[in-house]
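All remarks here apply to the structure that follows.
Numbering (UniProt numbering), first residue to last: 1 to 334.
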């Protein structure tokens, strides 16, 4: 475990309040992967300490997800809240709904994750150790093979893309400042959620967590901490580039990664951070990266039509004068 070094400047962000595990809610989004979900819920059951609530958002699964969730209701050790949506809203819609439920439960901390990970037994304790100091925290995770997964925690805002060469190592402080986010492990305080609103469900998948993390970093000091608290349980085809890996994708991802740059453009423009020429270059680089992914990871050229469809629809979104960002939240009435 990494050593935590007090930072008075960071502590002033939250007043140094003591972390209460019962104030945290783990929010999970799942879709037709009941076997993986069962592994995650089992790992939560074995945690010490446990969160006050576990919220499971089911994106209209057609497998036995409902039955699997019910088997954990008595043994989980946390209050279990299950919501089965009427349609698949993607990760974006699922996390938006999950965070809404957690917020309305009165949760102080919300820990987001997909169904294809496990939590380490002391994961909540490790994240909670940083809670008196920061309000937007990202932990680290092990990949399927046990290796250390590298997440690109810095965005180039003018380009609107992750910075692939942001340093992977940590100094004695045990954290690095980030301006992005990942719903695979985001640990965020309700004060920040109240100010920036819920994740935008219109993204469906892709760029939603990057934009949300960026919005959070505008309100508070956001950090990635040198704490391994998650482990991926699903193997994904990869191209090993040495220091970095490039994962396989899908036609849906290829479409949304380009389409959703229209939403990203709106969010950047809303906050005075949109630079048209640089952002266009970022879109071109994103398109090129997806071509490389097709050729070297998936060994095919089929799928480029989805990229072009995404570009077309993204341009339409970017020109939509009626677009509005997600609103701030109010404290629920009690």
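Quick reminder that beta carbons are idealized off the backbone N, C-alpha and C, glycines included.
Small disclaimer: the values here were computed from a predicted structure and weren't measured.
- Around the beta carbon of residue 251, a 10 Å sphere encloses fewer than 16 other beta carbons of the protein chains shown; the residue is thus reported as exposed.
- Under the three-state reduction of DSSP, residue 71 is assigned to coil, being neither helix nor strand.
- By the C-beta density criterion, residue 161 is buried, having at least 16 other C-beta atoms within 10 angstroms.
- Ranked by how close their Cα comes to the Cα of residue 309, the residues 260, 326, 125 and 293 have 260 in first place.
- Just so you know, the alpha carbons of residue 199 and residue 208 end up roughly 7 Å apart.
- When beta bridges are read from the DSSP output, residue 27 appears opposite 55 and 112.
- When secondary structure is reduced to three states using DSSP, residue 163 falls in the coil class, being assigned neither helix nor strand.
- A Cβ-Cβ separation of about 6 Å places residue 141 in contact with residue 231 under the 8 Å criterion.
- Within the model, the alpha-carbon separation for residue 149 versus residue 143 is close to 5 Å.
- DSSP places residue 270 in the helix class (H, G or I) of the three-state scheme.
- DSSP places residue 280 in the helix class (H, G or I) of the three-state scheme.
- Assignment of residue 329 by DSSP, reduced to helix, strand and coil, places it in the coil class.
- In this structure, DSSP gives residue 179 a state outside helix and strand, which the three-state scheme calls coil.
- Under the criterion of beta carbons closer than 8 Å, residue 138 and residue 185 qualify as touching, at roughly 6 Å.
- Scanning its chain for C-beta atoms nearer than 6 Å, with the 5 sequence neighbours on each side dropped, one finds around residue 170 the residues 226, in chain order.
- Rounded to the nearest whole angstrom, the C-alpha separation of residue 52 and residue 27 is 11 Å.
- DSSP, read as helix, strand or coil, puts residue 187 in strand.
- Sorting 210, 76 and 129 by C-alpha distance to the C-alpha of residue 267 places 210 at the top.
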